[in-house]
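Numbering (our numbering), first residue to last: 4 to 142. We put the beta carbon where it would ideally sit given N, CA and C, even for glycine. See below for the structure under consideration.
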Amino acid sequence: MPHLAEIYLRVRRETFLWVDPDHFTLEEFATHSNGERLFVCEDQHGVIAGFAAIWEPDDFIHMLYILPAFQGRGAGKALLAALPDWPRQRYRLKCLVNNKRAISFYETLGFEIIGDGVSPEGNYKEMRLRETAGDAGSF
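See the structure below:
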């Protein structure tokens, strides 16, 4: 899991440009993923492209992080497709408002905004997979 912690740190620092990069630490991954089920996506050479973490009791996608070199190449969709009962399960997630690319990604896959909130990294939208998202979530 050390490699996943490095991905978590790197992608957060490179994506959340509105947050001081020193706010993020390598050690946070162990705390933030504690008790969660992890899914890993590798390319054809066994290089880890990214990962997802879900909190199963609440059907909550807590993390979906893809290395920049693999973004836009299907790794995020593959990780979501690997989740239990995808797309029939109505997963929820929180996405930072300033992360417009991620919000667009989730909306394209059939997530809808169901609420708002505030976190230390900024305002976020709470999103849930639509019941009719089966067609959008098929790969």
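Query, Result
"Name the residue from Arg16, Phe73, Gln92 and Ala81 whose alpha carbon lies nearest to the alpha carbon of Phe63.", "Gln92"
"On the CB-based measure, 16 or more other CB atoms within 10 Å of its CB, does Lys103 come out buried or exposed?", "exposed"
"Can you give me the Cβ contacts of Tyr68 inside the same chain, cut-off strictly under 7 angstroms, excluding the 5 residues immediately before and after it?", "Ile10, Tyr11, Val14, Gly53 and Phe54"
"Taking only three categories from DSSP, how would you classify Asp25?", "helix"
"Does the structure place the region 79-98 close enough to the region 121-134 that three or more beta carbon pairs sit under 8 angstroms?", "yes"
"What residue range does the alpha helix (DSSP H) around Arg104 cover?", "Lys103 to Thr111"
"From Arg40 to Leu132, what does the alpha carbon distance come to, in whole angstroms?", "19 angstroms"
"Using the Cα positions of Glu134 and Leu86, report the straight-line distance between them to the nearest angstrom.", "16 angstroms"
"Could you give the DSSP three-state label for Phe42: helix, strand or coil?", "strand"
"Are Cys44 and Leu82 touching if we call contact CB-CB under 8 angstroms?", "yes"
"Taking the runs of the alpha helix (DSSP H) that are 4 residues or longer, which of them lie wholly in the region 42-88?", "78-84"
"Between Gly79 and Phe108, which are expected to be in contact by the criterion C-beta below 8 angstroms, what is the C-beta distance as a whole number of angstroms?", "6 angstroms"
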